[in-house]
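Chains as they are written, first to last, in our numbering: chain Z, 1 to 308; chain G, 309 to 550. Encoded as structure tokens, the structure appears first; notes follow it.
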Amino acid sequence: MVKLDAIQKRLIEEIADLHSVPSGAYNFRANGELAGRSTTANIDIVSKTDKSGIDIHIKPGTKNESVHIPVVLSASGLKETVYNDFYIGEDSDVVIVAGCGIDNCGSQDSEHDGVHRFFVGRNAKVKYVEKHYGSGDGRGQRILNPVTEVYQEEGSSVEMEMEQIKGVDSTQRTTLAELKAGARLVVKERLMTHGSQNAVSTYQVNLNGAGATADVVSRSVARDDSTQTFNARITGNAPCSGHTECDSIIMDRGHILAIPSLEANDVDAMLVHEAAIGKIAGDQLIKLMTLGLTEQEAEEQIINGFLR
Amino acid sequence: MLEIRDLSFAVTEDERKKEIIHDLNLTVENGKFTVITGPNGSGKSTLARLIMGIEKPLSGRILLDGEDITDLDITERAKRGISFAFQQPVRFKGIRVQDLLRLAAGKNLSISSACEYLSEVGLCARDYIDREINSSLSGGELKRIEIATLLARHTKLSLFDEPEAGIDLWSFQNLIRIFEKMRSEIQDSSILIISHQERILQIADEIVVLSDGQISRRGSPEEVLPMLIGQTAPVSACQRLQ
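Now the structure itself:
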């Protein structure tokens, strides 16, 4: 049975678009404790015994099922590190929705560090969606430091959408991926920082097998006095192809450091990186203003579209 | 009705003031399809940008249906009923064709109405409605989408800055058809197009020839076109040198 208060429910809506208990497997964590769990015939969730966290086992051949594992923190001063391991069986096709919402009205910092490891079986297909959201007007910081590790077997495919649009004061995201032959990884990161927030995102993608492909794309907006660092490296150890792109809009007194990098250890590794930082183009604002939008409305539309 | 009274505009280049528009007077009546033409650098695009409020004049007034809009900003002029199609349409990462049409219509636009506007400009709606207005679209495609946003706005005054620029010959036929249709439905609104294209000049109610920031001639296509086509240069060399 899921027991959540009003603030926790609002956070869940923000991070997982959930308005009620989802169908399929789920594990809800609220203020460091299990708030609800459901398993299916194909998806099992068990609590770790040696440390905080869960193991998610998805049977081979599981198709069109989903797992929701939202985490909410609504108490000030709570700090936790959680280890979640996903074992995704061969030939399965699943959607995993994770996410963390922090509401901190108090004066102490709240922090959630999630360590997610994905062991993706041969030819399995995974879509992973992760949203981070912070709210509350307390002086305490809202801190999220996610670590994501992805181990992909031959022919597997992983699509990751990671979004952090509002309210997280400090975040240090680390993503590591190891891909075998024919495996495919697509990462779409969306980030907006404001106030005096600081966000660091680091990727290390290793393409270890022939035909492995990776596409790591980040779009971000830095407003006010916020700071962002994007550090993405793709390493090609076999005939493979990789692309990384970092596209940022800078506003106010923001600070952005983009460091896309490539490393090739095979003559047939084809690797490309792109990075662009710039303010909103004057022409874009003018165009939307000629449609009757105010300058502020135009700016919002441009940012919303950019972070879609 | 658009009235332009004694309008002047200048830019500063190398610390010297250069006048682009000089004491210009022009009235565009409702129900009229007016084409402004003239050599490069004659101030045509600047005039359109002054009407939209993108540039501010040095002196003079602009009136829309009797209301002085000279001091209004772009947004307010757009709300009063002026729309503007850019010569080089702007690209937006992440904003889709249907989003732009919805913003243009200023209300929740149904997919079927959005499709209608796209079909008008010769785009297969199904293929374009979800496309982002980014660099994956060609110049010609962008241009047609730009025109579709004006169709979605239904304003009193539609300004087009060189709609033919960047459009291929095949699409150009379509463009003429769109303008002919707009002209037939014009009623109490008006259309002002900046163009060099003979075919567009031919369907005008009135042609206004601009040179050196002033109107050098105006009249019906029958009156103005032979003069424009007949001469090797629209402005004599001496006149340019002065």
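Where is the CB? At the ideal position from N, CA and C, for every residue including glycine. Predicted model only: the values in this text are computed from it and were never measured.
Contact under 7 Å by Cβ, residue i with residue j
{"i": "residue 498 of chain G", "j": "residue 459 of chain G", "result": "no"}
{"i": "residue 102 of chain Z", "j": "residue 126 of chain Z", "result": "no"}
{"i": "residue 310 of chain Z", "j": "residue 228 of chain Z", "result": "Because chain Z spans 1 through 308 in this model, residue 310 of chain Z falls outside it and cannot be assessed."}
{"i": "residue 347 of chain G", "j": "residue 317 of chain G", "result": "no"}
{"i": "residue 232 of chain Z", "j": "residue 193 of chain Z", "result": "no"}
{"i": "residue 309 of chain Z", "j": "residue 242 of chain Z", "result": "Lying outside 1 to 308, the shown extent of chain Z, residue 309 of chain Z is not represented and no answer is given."}
{"i": "residue 66 of chain Z", "j": "residue 95 of chain Z", "result": "yes"}
{"i": "residue 246 of chain Z", "j": "residue 275 of chain Z", "result": "yes"}
{"i": "residue 204 of chain Z", "j": "residue 226 of chain Z", "result": "no"}
{"i": "residue 408 of chain G", "j": "residue 378 of chain G", "result": "no"}
{"i": "residue 483 of chain G", "j": "residue 475 of chain G", "result": "yes"}
{"i": "residue 187 of chain Z", "j": "residue 134 of chain Z", "result": "no"}
{"i": "residue 42 of chain Z", "j": "residue 59 of chain Z", "result": "yes"}
{"i": "residue 262 of chain G", "j": "residue 472 of chain G", "result": "This structure leaves residue 262 of chain G out entirely; chain G is present only between 309 and 550."}
{"i": "residue 27 of chain Z", "j": "residue 54 of chain Z", "result": "yes"}
{"i": "residue 77 of chain Z", "j": "residue 108 of chain Z", "result": "yes"}
{"i": "residue 132 of chain Z", "j": "residue 172 of chain Z", "result": "no"}
Per-residue contacts from residue i into chain G (C-beta, under 8 Å)
{"i": "residue 174 of chain Z", "result": "Here the premise fails: no neighbours, minimum Cβ distance about 26 Å."}
{"i": "residue 301 of chain Z", "result": "403, 407, 411"}
Partners in chain G for residue i, counting only beta-carbon separations shorter than 7 Å
{"i": "residue 288 of chain Z", "result": "411"}
CB contact check: residue i to chain G, cutoff 7 Å
{"i": "residue 283 of chain Z", "result": "yes"}
{"i": "residue 291 of chain Z", "result": "yes"}
{"i": "residue 305 of chain Z", "result": "yes"}
{"i": "residue 294 of chain Z", "result": "yes"}
{"i": "residue 190 of chain Z", "result": "no"}
{"i": "residue 308 of chain Z", "result": "yes"}
{"i": "residue 1 of chain Z", "result": "At residue 1 of chain Z, the pLDDT of 49 sits below 50, so the modelled position is not reliable; the number obtained from the coordinates is stated separately. Output row for residue 1 of chain Z: interface = no."}
Coarse secondary structure for residue i, derived from DSSP in three states
{"i": "residue 240 of chain Z", "result": "strand"}
{"i": "residue 429 of chain G", "result": "coil"}
{"i": "residue 105 of chain Z", "result": "coil"}
{"i": "residue 277 of chain Z", "result": "strand"}
{"i": "residue 341 of chain G", "result": "strand"}
{"i": "residue 550 of chain G", "result": "Because residue 550 of chain G sits at a pLDDT of 48, beneath the cut-off of 50, its placement in the model cannot be relied upon, and the following sentence gives the value as read from the coordinates. Reduced to three states, the DSSP call for residue 550 of chain G is coil."}
Test: residue i CB closer than 7 Å to a CB of chain Z
{"i": "residue 382 of chain G", "result": "yes"}
{"i": "residue 550 of chain G", "result": "Per-residue confidence for residue 550 of chain G stands at a pLDDT of 48, beneath the threshold of 50, marking its modelled position as unreliable; the derived number appears in the next sentence. With 7 Å as the cut-off, residue 550 of chain G does not count as an interface residue toward chain Z."}
{"i": "residue 317 of chain G", "result": "no"}
{"i": "residue 386 of chain G", "result": "yes"}
{"i": "residue 322 of chain G", "result": "no"}
Interface residues of chain Z facing residue i [CB-CB closer than 7 Å]
{"i": "residue 391 of chain G", "result": "290"}
heavy atom of the ligand PLP below 6 Å from residue i C-beta
{"i": "residue 440 of chain G", "result": "No copy of the ligand PLP appears in this structure; indeed no ligand is present at all."}
> Going along the region 359 to 374 of chain G in order, which residues come within less than 8 Å of chain Z, judged by CB to CB distance?
Replying inline: 360, 362
> Got a sec: which bits of the region 393 to 418 of chain G sit with their beta carbon under 7 Å from any beta carbon on chain Z, in order along the chain?
Replying inline: 394, 398, 400, 401, 402, 403, 407, 411, 412, 414
> Can you list, in chain order, the residues of the region 443 to 466 of chain G whose Cβ is nearer than 8 Å to any Cβ on chain Z?
Replying inline: 457, 461
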